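A.B. asks: First, the structure itself, so that you have it in front of you.
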Amino acid sequence: MENKSPLRVHNVRLVDGVSDAAVPDAVLEADADGRITFAGPAGEAPPASRDIPAIDGQGGTLLPGFFDCHVHLGLPSNRSVVEQALTTGDVMRMIQTTHRLRETLESGITSARDLGALPAAYRDAVAGGQLAGPRLQVAVGIISHTGGHADATLPSGLHLDFDFCVLADDVREVRLAARRMLRDGADVIKVCTSGGISSATDDPDDEDLLDEEVAAVVDEARRHRGRPVAAHAQGRAGILAAIRGGVRSVEHGFGIDDRGCDLLGERGAFLVPTLATVFRPLERSKTSPWHYEKKRRWNEFTKKNIAAAIERKVSIAAGTDAGITPHGHNLAELSHLVELGMSPMDAIRAGTVHSARLLEVDDRLGTLRPGMLADLVICAGDPVRDITLLSAPENIVVVAQQGVVRKNTLPTEATGETFVAQHILEGHHD
Ligand SMILES: [Zn+2]
């Protein structure tokens, strides 16, 4: 990140992403590079210095900045992509995307992986400090075969020419599609190995790319700085095809069974169950009949499968499919994981350290330990006791990236004078 700052946080309970227990009265300090130099009990902390901006966390909980490993920041969550395509011009779409980045960051997400419909320039603008948002990894587009999950031909026959939907029907074409994504700046290649609940003409149990096609994309990504592949895979057959082909993460994984869980473990791959899509209230009047029927059929079944995967200790990273689900409420995903049997501390780890492992940034992000970057949040109250606290963005009272405070809604009397001066000096928003 272009922006970095020293920072000291005190009067907080520390959940560092590693330890099983929280530190009740803790201090965290980061140096001028925004790198953590101390995180631990207040009694062992270095003395406070006037030169370091300080935040009194007022007894809240200090946690690592959270990850959302499956978002679509370029897609609106309050209307369909079809409506967006028909009604929204490029400039307005860009303004709305910019707004979503900020909203996502302020909900506690300091890093995100966008799995389709976000140009790489957003990633670069965030990294360059021109745009407030989560640090980004992007897939740019989504690859499927004709008639598959990424085929934007509507049941009417109208074809929506979405540049992020790429159709490829043999090994040569999938390699070409992957190369185009890489040319456009993809950090990760997104493929579909199954149909989807939200696509009109296919089904989660439909298979999408063939084994040799998945393997070709995985190879193409590997040949380019070892980039990973993420697979949209909902039904059992698609899940197994994705893992066999060597993807790093199975997205959704609704139909996962014991075989899929074991195979994930053997290959060291991750499951990103996007439970926000499953727990989203299903309103018959607002849902197309085909979509309503598929969701109804899949939701209960999915909860059982994901609960079993949690019990089998599959590596799970947090992802919401925001864009399909509402933006800016990303941490509700952790509550859904807890509802399906995960402990609150493990859910926090799924959203921090395990996600950082999936994104291969765990050497600098995902935990609050000396040497790591000070991407952090303060949550009012104790989310280890009540994980639902994280779901409400208003409880996320402080968000910082590499020591730079991006959000602070603590009452002003609690924020030190030096901090306020620094905040204004650096021209940060709000
Ligand atoms: Zn998605």
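Residue numbers (the numbering used here): -19 to 410. Here a beta-carbon is modelled for each residue, glycine too, at the ideal position from N, C-alpha and C. Nothing here was measured: the structure is a model prediction, and the numbers come from that model.
(1) Does the Cβ of residue 179 have 16 or more other Cβ atoms within 10 Å, making it buried, or fewer, making it exposed?
(2) To which residues of the same chain is residue 291 closer than 8 Å at the C-beta, ignoring the five residues directly before and after it?
(3) If distances are taken between C-alpha atoms only, which option among 15, 26, 45 comes closest to residue 359?
(4) Sorted by chain position, which residues of the same chain lie with C-beta nearer than 6 Å to residue -16's C-beta, five sequence neighbours on each side aside?
(5) Report buried or exposed for residue 110, applying the criterion of at least 16 other Cβ atoms within 10 angstroms of its Cβ.
(6) Buried or exposed for residue 29, going by 16 or more other Cβ atoms inside 10 Å?
(7) Residues in its own chain within less than 8 Å of residue 135 by CB, not counting five upstream and five downstream?
(8) What residue range does the beta strand (DSSP E) around residue 20 cover?
(9) Just to confirm the assignment, what range does the beta strand (DSSP E) spanning residue 207 have?
(10) Can you give me the start and stop residues for the alpha helix (DSSP H) that residue 70 sits inside?
(11) Any chance you could list the alpha helix (DSSP H) runs of at least 4 consecutive residues sitting entirely within the segment 233 to 290, in chain order?
(12) Short check: CB of residue 299 to CB of residue 193, under 9 Å?
(13) State the Cα-Cα distance for the pair residue 286 and residue 81, rounded to the nearest angstrom.
(14) Assign residue 35 to one of three DSSP states: helix, strand, or coil.
(15) Taking DSSP as the reference, what is the three-state secondary structure of residue 158?
(16) Cα separation between residue 191 and residue 150?
(17) How many angstroms separate the CA atom of residue -11 from the CA atom of residue 140?
C.D. replies: Taking the structure as given:
(1) Answer is buried; the Cβ neighbour count reaches 16.
(2) Answer for residue 291: 321, listed in chain order.
(3) The option with the nearest alpha carbon to residue 359 is 45.
(4) Its chain contains 13, 14, 382, 383 as the residues whose beta carbon lies nearer than 6 Å to that of residue -16, once the 5 sequence neighbours on both sides are disregarded; these appear in chain order.
(5) Exposed is the call here.
(6) Exposed, because fewer than 16 other Cβ atoms sit within 10 Å of the Cβ of residue 29.
(7) Cβ neighbours of residue 135 beyond the five flanking positions: 180, 181.
(8) It spans 16 to 21 - the beta strand (DSSP E) in which residue 20 sits, taken as one unbroken run.
(9) No beta strand (DSSP E) contains residue 207, which DSSP labels as neither H nor E.
(10) According to the DSSP assignment, residue 70 belongs to the alpha helix (DSSP H) that extends over 70 to 86.
(11) The qualifying runs are 238 to 247, 255 to 259.
(12) Their beta carbons are not under 9 Å apart, which means residue 299 does not touch residue 193 by this criterion.
(13) When rounded, the distance between both Cα atoms is 29 Å.
(14) DSSP, reduced to helix, strand and coil, places residue 35 within a strand of the structure shown.
(15) Correct three-state label for residue 158: helix.
(16) Between residue 191 and residue 150, the C-alpha separation is close to 11 Å.
(17) C-alpha separation (whole angstroms): 49 Å.
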